[in-house]
Structures are given as structure tokens and as C-alpha cells.
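Residue numbers for the sequence shown follow this note's numbering, so the first one is 6 and each next one is one higher.
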Amino acid sequence: MFSLKKLRSAKEPRLYLSIERTFLSFQRLAIFLVSLAIFLWKLRRIAVEIKGTYLSPILETLFKFFLFTGILISLLSIPSFMLMLKFLEEGVEVDPKEVVDPRIYMAGERTLLSWIRTAIGLIVFGFVIEKFEFFLEEVKSMLNIPIKSGTKSLHGFGILFILLGLITIILGLINFYRTVKRVEQGTYKTNTFLYLFYGTALFLSCLLVALYILKIVVW
């Protein structure tokens, strides 16, 4: 957005932190879309069992749309993040005295909260996958219809995303303390490796789930 609007660039900590929060927001959106896709996939399975001839194709189309959109957002957020950082790096230097500003500390706290929100999203996503079989059993008993399970292997993916959520909290705390330390030194810059590694891990995890559901890989 900075480059598109041709705004003036500066190596200002609040801009770095804002870009970090934007990146995490895109990752949360990707997680939400993938989880919504999985929910639609579950509904489609139920529709198939209850002979929902017209509903099943619609659910399948929506499932694929949200799944691919979520994965695409997760992927594209990485080069977008790098381009925005590059734009800031080409900006003017900021006086170290201006870095020690209460607003920058508050921006760091907002970034930490963004990490925590992302972690909560991952943990909830993991529990949704974990509790799917229980959901099917409840549907079986209420509607008195046979629904094939066939998703026992999703159990491993549920645990994976819960662990990713817990790791996200730890990374967020580490990044927060690093932010405070660098701000006090007047030399804050985004930890590019951390965000690239984290974004790539989330993208690959979502991609693996998608490939498994589409029967392209075997867990």
C-alpha cells in the first residue's frame, strides 16, 4: 500500500510493526478461510449421505473456492511482506532519539496481541479438526443415518495446528522482548527471518491439509 500510494518511506519502528501486524492479519485470514473450507467439506459429506443431490455440488464448489483462496492469501502475503520491508529500507533514516517513544512501545504491544490472536485462531482450527468425528457421531444419532468416518488421519493435523498455535505464542513473546530491547537501543528493524519462517510454516501446513483432503497425499 505504501508503494502503491507513492508515500514517503522512512525507517520508522511503528511502520515496521504495522507491516508485521498486516502480515499476521493476512495469515489469520488464510487460516479462517481454510477452516471454513474444511467445515463446508464436512457438510458436503453429510449432504452426500442424506442424498442432498442439489446441495452437495454447491458445498463442494464453495469448499474449493475458500480452500484455494486461503492458501493463495497465505502464499502471496509472504512476497508482499518482503516488498513492503524493502520499501521501508529504501526510506530515510530516523534519529535514534525518535525511536524511544511511548507510542512505539504501544505499537509493540499491539503486535504481540496480533501474534496471540493468530495463535488462538490456530488452536481453534486444530480443535475443529480434532472434534470432527465427535460431530459426525452426534449427527448420526440425531438423524439416524449412517455416515462413514474416513477422516481418522485428520487427528494428526489437528494436533499439528494446536502445536503451531502454542509455538506462535512463544514466538510472539520472544519477538516482543526483542522489540523492546531494540527500541531501547534505537535500532529497531523487523526480524525478517522469523516472519518468513513462520509464514512459510503456516503456508505449508495449510497446503498439506488441502492436499490430504483432495486425496493428493496420504497421511
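All residues carry an ideal CB built from backbone N, CA and C; glycine is no exception.
Note to self: Quick check on residue 189: does DSSP put it in helix, strand or coil?
What the structure shows: As a first step, residue 189 is located in the sequence shown; it is residue number 184 there, counting from the start. Three-state result, residue 189: helix.
Next item on the list: Starting from the C-beta of residue 89, find all residues in its chain whose C-beta is less than 6 angstroms away, skip the five residues before and the five after it, and write them out in chain order.
Entry: Here residue 89 refers to the residue found at position 84 of the sequence shown. Cβ within range, chain order: 24.
Note to self: Once DSSP output is grouped into helix, strand and coil, what is the label at residue 136?
What the structure shows: Here residue 136 is taken as the residue at index 131 of the sequence shown, counted from 1. Three-state result, residue 136: coil.
Next item on the list: State the DSSP-derived secondary structure class of residue 203, mapped to helix, strand or coil.
Entry: Translated into positions along the sequence shown, residue 203 becomes position 198. Three-state result, residue 203: helix.
Notebook entry, point to check: Straight-line CA distance for residue 33 to residue 191?
Noted result: Taking the first residue of the sequence shown as position 1, residue 33 is located at position 28. Taking the first residue of the sequence shown as position 1, residue 191 is located at position 186. Between residue 33 and residue 191, the C-alpha separation is close to 30 angstroms.
Notebook entry, point to check: Hey, quick one: how far does the alpha helix (DSSP H) through residue 63 stretch, first residue to last?
Noted result: Translated into the one-based positions of the sequence shown, residue 63 becomes position 58. In this chain, the alpha helix (DSSP H) harbouring residue 63 covers 60 to 94.
Check: Excluding the five sequence neighbours on either side, which residues of its own chain have a C-beta within less than 7 angstroms of the C-beta of residue 61, listed in chain order?
Finding: By one-based count along the sequence shown, residue 61 stands at place 56. Contacts found: 49, 52, 53.
Item checked: Beta-carbon proximity check, residue 26 vs residue 116, cutoff 9 angstroms -> As a position in the sequence shown, residue 26 is number 21, starting the count at 1. As a position in the sequence shown, residue 116 is number 111, starting the count at 1. Going by C-beta atoms, residue 26 is nearer than 9 angstroms to residue 116.
Item checked: Coarse secondary structure for residue 194, derived from DSSP in three states -> Against the sequence shown, residue 194 aligns to sequence position 189. Reduced to three states, the DSSP call for residue 194 is coil.
Notebook entry, point to check: CA-CA distance, residue 86 and residue 186?
Noted result: Here residue 86 refers to the residue found at position 81 of the sequence shown. Here residue 186 refers to the residue found at position 181 of the sequence shown. Each residue's alpha carbon lies about 23 angstroms from the other.
Check: What three-state label does DSSP hand residue 25 in the structure shown?
Finding: Counting from 1 along the sequence shown, the entry for residue 25 is found at position 20. Three-state result, residue 25: helix.
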